[in-house]
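There are 2 protein chains.
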Amino acid sequence: MTISMYSASVPVFKQMLSALSDVLAKAEAHATEKKIDPSVFLQSRLFPDMFPLTRQVQIAADFAKSVPSRLAEIEVPAYEDSEQNFAELQARIKKTIALLDGFSAAQIDGKEGLEVVLRPGTPKERKLNGQAFLLHYGLPQFFFHVTTAYNILRHNGVEIGKLDFMGAR
Amino acid sequence: MTISMYSASVPVFKQMLSALSDVLAKAEAHATEKKIDPSVFLQSRLFPDMFPLTRQVQIAADFAKSVPSRLAEIEVPAYEDSEQNFAELQARIKKTIALLDGFSAAQIDGKEGLEVVLRPGTPKERKLNGQAFLLHYGLPQFFFHVTTAYNILRHNGVEIGKLDFMGAR
Numbered sequence: 214m215t216i217s218m219y220s221a222s223v224p225v226f227k228q229m230l231s232a233l234s235d236v237l238a239k240a241e242a243h244a245t246e247k248k249i250d251p252s253v254f255l256q257s258r259l260f261p262d263m264f265p266l267t268r269q270v271q272i273a274a275d276f277a278k279s280v281p282s283r284l285a286e287i288e289v290p291a292y293e294d295s296e297q298n299f300a301e302l303q304a305r306i307k308k309t310i311a312l313l314d315g316f317s318a319a320q321i322d323g324k325e326g327l328e329v330v331l332r333p334g335t336p337k338e339r340k341l342n343g344q345a346f347l348l349h350y351g352l353p354q355f356f357f358h359v360t361t362a363y364n365i366l367r368h369n370g371v372e373i374g375k376l377d378f379m380g381a382r
Numbered sequence: 214m215t216i217s218m219y220s221a222s223v224p225v226f227k228q229m230l231s232a233l234s235d236v237l238a239k240a241e242a243h244a245t246e247k248k249i250d251p252s253v254f255l256q257s258r259l260f261p262d263m264f265p266l267t268r269q270v271q272i273a274a275d276f277a278k279s280v281p282s283r284l285a286e287i288e289v290p291a292y293e294d295s296e297q298n299f300a301e302l303q304a305r306i307k308k309t310i311a312l313l314d315g316f317s318a319a320q321i322d323g324k325e326g327l328e329v330v331l332r333p334g335t336p337k338e339r340k341l342n343g344q345a346f347l348l349h350y351g352l353p354q355f356f357f358h359v360t361t362a363y364n365i366l367r368h369n370g371v372e373i374g375k376l377d378f379m380g381a382r
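Written as structure tokens, this is what we have:
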């Protein structure tokens, strides 16, 4: 076993998305048990100009699909961002995990030097190589959103802990 | 440039700790400007049984020092956890970054198969190889605490954004 672009991406995204799925399931069960409208959780945010839970989950899935897709040089699958409830967020995660399962190591390994252009054609355009794109951009962004989704639910009293965040492997 | 255990650890920890230092500097400036007692931020938490800001920063530094140290098979430097203010948290981060700067790639590269034992001798003992320890345990834990530190400050109205979280590189 040797670290590679594949091993540092696909299995990590998969671990954390699976954990996020379980965290969301606990949140939904908590809402049912306490007779809380699930949309209260879905629309909750830590500050008025931060994204609510639904958007945090959407963006986490977006990084999990786009980072390996760009490294594999395949088109990034488009998602509609139309999720309205926990079931639809779970479907988005499930779809993303299925996509991750479809990548082979051969598609992603060796892409350290691939040129990745962020926000091409805009004033914020930025060029990174594949390794920096994964380690210094994609993973930090992804972890930001899975952690913030967890923190929103924790802040709202859902009984979850670090083990739920980390997930099983 | 090829991905390696060193490149997936030391520079990532350094990027995020440097960003955390800047985030904390903005929080301290915000407290000064708004005449907020800094300890209000330092003791703030997202939920009563979550750790406050000070502890989140301490733990983030702990993972940044312990993960590379264990991979390098050197003793993990002990910190006292006695920080009482922003300046002392900044000193802890600075000390950790200096430690990170002291690692050579040769100390950490090739440690994918190293046996790492978490909580040895306890009922929660868990054995991981070096690669899983870094990718599936150390980095997720580290990112959890840097993100939660950011979220605590964001939740308290400090004017920081994603760029502050990500840091410059």
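Sequence order for the protein chains is A and B. This note's numbering puts the first residue of the first sequence at 214, with every later residue one more than the last. This note's numbering puts the first residue of the second sequence at 214, with every later residue one more than the last. The beta-carbon is built from N, C-alpha and C at its ideal position, and this holds for glycine as well.
Chain-order list of chain B residues neighbouring L348 of chain A: I216, S220, A221, P224, V225, by C-beta distance under 8 Å.
When 9 Å is used as the limit between beta carbons, G370 of chain A is near these residues of chain B: F260, in chain order. Boundaries cannot be given for N298 of chain B, as no beta strand (DSSP E) includes it and DSSP labels it neither H nor E. Inclusion of I321 of chain A and L230 of chain A in the CB contact set at 7 Å is not warranted, their separation being larger than that value.
Secondary structure of K340 of chain B (DSSP, three-state): strand. Nearest Cα to Q256 of chain B within the set B:K340, B:P265, B:F346, B:Y292: B:P265.
Distances from the CA of S295 of chain B to each of B:Q271, B:K337, B:L284 were compared; the closest alpha carbon is that of B:Q271.
At a cut-off of 7 Å between beta carbons, E301 of chain B makes no contact with chain A. A:V329 is the residue among A:R339, A:K340, A:V329, A:E338 whose C-alpha sits nearest the C-alpha of S282 of chain A.
The alpha-carbon of Q228 of chain B is positioned some 28 Å away from that of R332 of chain B. Residue pairing by DSSP places L331 of chain A opposite A:R339 in a beta bridge. The residue among B:A362, B:L352, B:K247 with its C-alpha nearest the C-alpha of L302 of chain B is B:A362. Scanning chain B for C-beta atoms nearer than 9 Å to the C-beta of F356 of chain A yields L352, P353, F355, F356, F357, V359, T360, reported in chain order.
Note that the C-beta distance between Y219 of chain A and A291 of chain A is not below 7 Å. Residue-level contact check: R283 of chain A does not touch chain B, since none of the beta carbons of chain B fall below 7 Å from its beta carbon. When the beta-carbon positions are compared, L284 of chain A and K324 of chain A come within less than 7 Å of each other. In terms of beta-carbon proximity, R367 of chain B lines the interface with chain A, with at least one pair separated by less than 7 Å.
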